[in-house]
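**Q** I have a structure here, written as structure tokens, and I will follow up with some questions on it.
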Ligand SMILES: Cc1cc2nc3c(=O)[nH]c(=O)nc-3n(C[C@H](O)[C@H](O)[C@H](O)COP(=O)(O)OP(=O)(O)OC[C@H]3O[C@@H](n4cnc5c(N)ncnc54)[C@H](O)[C@@H]3O)c2cc1C
């Protein structure tokens, strides 16, 4: 008998404190049959459920803790029409045609969020307020300049542009950076509100969602799948595993968990800033993910706080040291914030793949997955929910490396010491700009 999984509360994040009205979802207590069973109520699982309901397909979502409890309710809320790699790098590895398809997919992902927010009348702070990728080193300036040139030449997309030092300082409110890549179509969202309102939309459309219901294991029974929870068994024609960096919570993820490495990312939210800081920092309302390998990302909240994120610890343990380091990194960029109070601090897990790209695929005949967003999942996970739903009903389409099988990572058991080595290596490269 597998060990019981305790139902965990949301971390004490800024998002949890401002998440809005409650929902009426409860635990699953009785056996049930459903056409499609989805494990995990984050962006991927919820958007898959939404897509299936729009096709009239019966579906049930089971969530171990609460809607948006995983990365979907903890992230920085940057809505970015990009992958981790630049488009010329993608073209070099996978060919121009595939890179162009991936460019379209990245924008489709942001468009999908915009459409969901509009069609469902969501109040989740979504705005295309513009996304900045600022940099310090010439190496990054060259990479992003090449990206803008490639997009204009190959995709006819002249919208993203490179900002010089003066314009970057005017937009960020700090002389820290030497330039930035500016994507005006990127934006921001309140991620936990979006998760909860997407769940409400699924329920309005007849999808069933149960929280506090960990899936302990699954097995194939003839043409269907039997899924076990602490108090019920669900039989389904199809199973979608959308547990991303939290795939190792129970044995149900044992076939998938070795295909991604979970990395901790942490955030702080300051007390509301004074008027002068508010006027000076990010005055155009842009949001930021800097160009470093160990990236910092930040934005100003609706009530005027700096929300600032960066790498967490190599293991998943919380420690004051992580948040002190984040506060120092914030003060390096914005010295005026050195002594401002920190009201919220929290962490979450990002799922990293070996090639830095997410995947949608099939694990067995009627078992599917979508995962591995490498910290770019707000828009991409929402799109991949649609993609995995389509794949499960035979409507999937090939999309270069994104639909290649996600294979197990060699030496996965050594991931914690390996992460420490890789983080140090990345820190050195970030410092030297190589
Ligand atoms: C701190 C942080 C900052 C980030 N910032 C950004 C950002 O600014 N922009 C961006 O684009 N991306 C960002 N990301 C990445 C983004 O949040 C994720 O890629 C995205 O939320 C993944 O969504 P998901 O639905 O696949 O997974 P999750 O939201 O993690 O959902 C998985 C769910 O599965 C549930 N689960 C697991 N096992 C079981 C089980 N056995 N039974 C039942 N339920 C189970 C978990 O409880 C969890 O709720 C960030 C991530 C983190 C952690």
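Numbering (this note's numbering), first residue to last: 7 to 440. Don't be surprised by glycine CBs; every beta carbon is placed ideally from N, CA and C. Just so you know, these numbers come straight off a predicted model, no measurement behind them.
#1: Given the structure, does residue 84 come close to ligand 3, in the sense that its CB is under 7 Å from one of the ligand's heavy atoms?
#2: Taking the beta carbon of residue 307 as the centre, do at least 16 other beta carbons fall within 10 Å, making it buried, or is it exposed?
#3: Please state if the CB of residue 251 and the CB of residue 77 are separated by a distance shorter than 8 Å.
#4: Measure the CB-CB distance between residue 1 and residue 344 and report whether it falls below 8 Å.
#5: Shorter than 7 Å, the distance from the beta carbon of residue 2 to the closest heavy atom of ligand 1, or not?
#6: Counting along the chain, where does the beta strand (DSSP E) carrying residue 154 start and finish?
#7: Among 236, 391, 404, 277, whose alpha-carbon lies nearest the alpha-carbon of residue 314?
#8: Compute the beta-carbon to beta-carbon distance between residue 447 and residue 246, rounded to the nearest angstrom, for a pair I have assumed lies under 8 Å.
#9: Using DSSP with H/G/I as helix, E/B as strand and the rest coil, what is residue 130?
#10: Please tell me whether, using a cut-off of 7 Å, the distance from the CB of residue 467 to the nearest non-hydrogen atom of ligand 1 is below it.
#11: Please tell me whether, using a cut-off of 7 Å, the distance from the CB of residue 303 to the nearest non-hydrogen atom of ligand 1 is below it.
#12: Can the beta-carbon of residue 153 be found closer than 8 Å to that of residue 406?
#13: Quick check on DSSP: helix, strand or coil for residue 173?
#14: Please report how far the alpha carbon of residue 346 lies from the alpha carbon of residue 305, in whole angstroms.
#15: Compute every distance between the C-beta of residue 49 and the non-hydrogen atoms of ligand 1, then say whether any falls below 7 Å.
#16: What is the DSSP secondary structure of residue 4, counted as helix, strand or coil?
#17: Where does residue 259 fall in DSSP's three states?
#18: Need the endpoints of the beta strand (DSSP E) that residue 269 sits in, please.
#19: Can you give the beta carbon distance from residue 69 to residue 47, rounded, assuming they're within the 8 Å contact cut?
#20: From the DSSP output, in three-state form, read off residue 287 for me.
#21: Using the Cα positions of residue 5 and residue 86, report the straight-line distance between them to the nearest angstrom.
#22: Quick check: residue 26 and residue 202, are their CB atoms within less than 8 Å of each other?
#23: For residue 180, I'd like the list of residues in its chain whose CB is within less than 7 Å of its CB, leaving aside the five on either flank, ordered along the chain.
#24: Within 10 angstroms of the Cβ of residue 90, are there 16 or more other Cβ atoms? Answer buried if so, exposed if not.
#25: Contact check, residue 119 vs residue 385 under 8 Å by CB: the rounded distance?
#26: Around the Cβ of residue 475, are there at least 16 other Cβ atoms within 10 angstroms (buried) or fewer (exposed)?
**A** Quick answer:
#1: In the structure on display, ligand 3 does not appear, and the ligands it does have are ligand 1.
#2: By one-based count along the chain shown, residue 307 stands at place 301. When all chains shown are included, residue 307 counts as buried.
#3: Within the chain shown, residue 77 is the residue found at index 71, counting from 1. Within the chain shown, residue 251 is the residue found at index 245, counting from 1. Their beta carbons are under 8 Å apart, which means residue 77 touches residue 251 by this criterion.
#4: Lying before the first or after the last residue shown, residue 1 is absent from the chain, which here runs from 7 to 440.
#5: Examination of residue 2 is not possible in this model, given that the chain is present from 7 through 440 alone.
#6: Numbered from 1 along the chain shown, position 148 holds the residue referred to as residue 154. Here residue 154 belongs to no beta strand (DSSP E); instead the alpha helix (DSSP H) covers 144-156.
#7: Here the question's residue 314 lines up with position 308 in the chain shown. Of the listed residues, the one whose Cα sits closest to residue 314 is 277.
#8: This structure gives no information on residue 447, because the portion of the chain shown stretches from 7 to 440.
#9: As a first step, residue 130 must be located in the chain shown, where it is residue number 124. Residue state, collapsed to three classes: coil.
#10: There is simply no residue 467 to check, as the chain begins at 7 and stops at 440 in what is shown.
#11: Start at 1 with the first residue of the chain shown, and residue 303 comes out as number 297. Yes; taking the cut-off as 7 Å, the Cβ of residue 303 has a heavy atom of ligand 1 nearer than that.
#12: Within the chain shown, the letter at position 147 stands for residue 153. Within the chain shown, the letter at position 400 stands for residue 406. The answer is no: Cβ separation not under 8 Å.
#13: The sequence position of residue 173 within the chain shown is 167, counting from 1. Helix.
#14: The residue you call residue 346 lines up with position 340 of the chain shown. The residue you call residue 305 lines up with position 299 of the chain shown. Answer to the nearest angstrom: the Cα atoms are 16 Å apart.
#15: Along the chain shown, read from residue 1 onward, the residue named residue 49 stands at position 43. Yes; taking the cut-off as 7 Å, the Cβ of residue 49 has a heavy atom of ligand 1 nearer than that.
#16: Nothing about residue 4 can be read from this structure; the chain reaches only from 7 to 440.
#17: As a first step, residue 259 must be located in the chain shown, where it is residue number 253. The answer is helix: DSSP assigns residue 259 an H, G or I state.
#18: For the purposes of this step, residue 269 is identified with residue 263 of the chain shown, where counting begins at 1. Looking at the DSSP string, the run of the beta strand (DSSP E) that includes residue 269 is 267-276.
#19: Taking the first residue of the chain shown as position 1, residue 69 is located at position 63. Taking the first residue of the chain shown as position 1, residue 47 is located at position 41. About 4 Å separates the two Cβ atoms, so the contact holds.
#20: As a working mapping, residue 287 is identified with position 281 in the chain shown. Correct three-state label for residue 287: coil.
#21: The chain is shown only over 7 to 440; residue 5 falls outside these bounds and no answer can be derived.
#22: On the chain shown, residue 26 is found 20 positions in, with the first residue counted as 1. On the chain shown, residue 202 is found 196 positions in, with the first residue counted as 1. Their beta carbons are under 8 Å apart, which means residue 26 touches residue 202 by this criterion.
#23: The count along the chain shown starts at 1 and reaches residue 180 at position 174. Excluding residues within five positions, the ones whose Cβ falls inside 7 Å are 339, 340.
#24: As a position in the chain shown, residue 90 is number 84, starting the count at 1. Buried.
#25: Translated into the one-based positions of the chain shown, residue 119 becomes position 113. Translated into the one-based positions of the chain shown, residue 385 becomes position 379. Yes, residue 119 and residue 385 are in contact; Cβ-Cβ is about 6 Å, under 8 Å.
#26: Here the chain has residues from 7 to 440 only, and residue 475 is not among them.
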